[in-house]
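The block underneath contains the structure these notes are about, expressed in structure tokens.
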Amino acid sequence: MKIALFIGLPPKEVKANYGRQHGSHWKVSKAKAAYKKMAFTAAKSPAVPRLNGPLKKVRLRYTAFWPSNRNRMDPDNLIFAMKSALDGIVKAKLIADDSDREVTLLPPRQRLARDTDNDPTVRAPGILIEIEEDE
Numbered sequence: 567m568k569i570a571l572f573i574g575l576p577p578k579e580v581k582a583n584y585g586r587q588h589g590s591h592w593k594v595s596k597a598k599a600a601y602k603k604m605a606f607t608a609a610k611s612p613a614v615p616r617l618n619g620p621l622k623k624v625r626l627r628y629t630a631f632w633p634s635n636r637n638r639m640d641p642d643n644l645i646f647a648m649k650s651a652l653d654g655i656v657k658a659k660l661i662a663d664d665s666d667r668e669v670t671l672l673p674p675r676q677r678l679a680r681d682t683d684n685d686p687t688v689r690a691p692g693i694l695i696e697i698e699e700d701e
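Going by our numbering, the first residue of the sequence shown is number 567, and it counts up by one from there.
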């Protein structure tokens, strides 16, 4: 089974070095909670198939659709920025756990928003999260 979710781009406050540079713990905490809720809502969407239980072993890939090349993040920072979104997906019980025993994280891809290849799941700019059961 393959599931695709599309959410907005991660806010700047959830990026790896934002807290250290701007010194606002509460701002970071609020942004993470909001991004987690966004992913939770997407995972609970009627467009997502209902499961008998959370998926146990999955492969997961993020594809970021940026408005311009200036906005791109390096892959490690993109993965870091998506942590709260992954927590929202777990909270929605779409996947059982976000540990490395349960989730194989594939290298993220990055595209420009105009390069959506007419994919109906993509309303760029934003992040396409693809979750596929791993046998």
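Backbone N, C-alpha and C fix where the C-beta goes; we use that ideal spot for every residue, glycine too.
Local conformation of residue i per DSSP, three classes
| i | result |
| --- | --- |
| LYS568 | strand |
| GLY692 | strand |
| VAL580 | helix |
| LEU660 | coil |
| LEU626 | strand |
| LEU678 | strand |
Residue closest to residue i, alpha-carbon to alpha-carbon, out of the options
| i | options | result |
| --- | --- | --- |
| TYR601 | ILE693, GLU698, ALA613 | ILE693 |
| ARG680 | LEU672, ALA690, ARG667 | ALA690 |
| PRO641 | GLN676, ILE569, SER595 | GLN676 |
| LYS570 | GLU579, ALA609, ALA647 | First, the residue type needs correcting, since residue 570 is Ala and not Lys in the sequence shown. Taking only the C-alpha atoms, the option nearest ALA570 is ALA609. |
Span separating the alpha-carbon of residue i from that of residue j
| i | j | result |
| --- | --- | --- |
| LYS593 | PRO577 | 11 Å |
| ALA599 | GLU701 | 32 Å |
| LEU575 | ALA630 | 7 Å |
| ILE661 | GLU699 | 10 Å |
| ARG638 | ILE695 | 17 Å |
| PRO633 | PRO674 | 17 Å |
| MET567 | LYS596 | 33 Å |
8 Å contact criterion, which residue i and residue j should meet: CB distance rounded
| i | j | result |
| --- | --- | --- |
| VAL614 | GLU668 | With a Cβ gap of about 18 Å, VAL614 and GLU668 do not count as contacting. |
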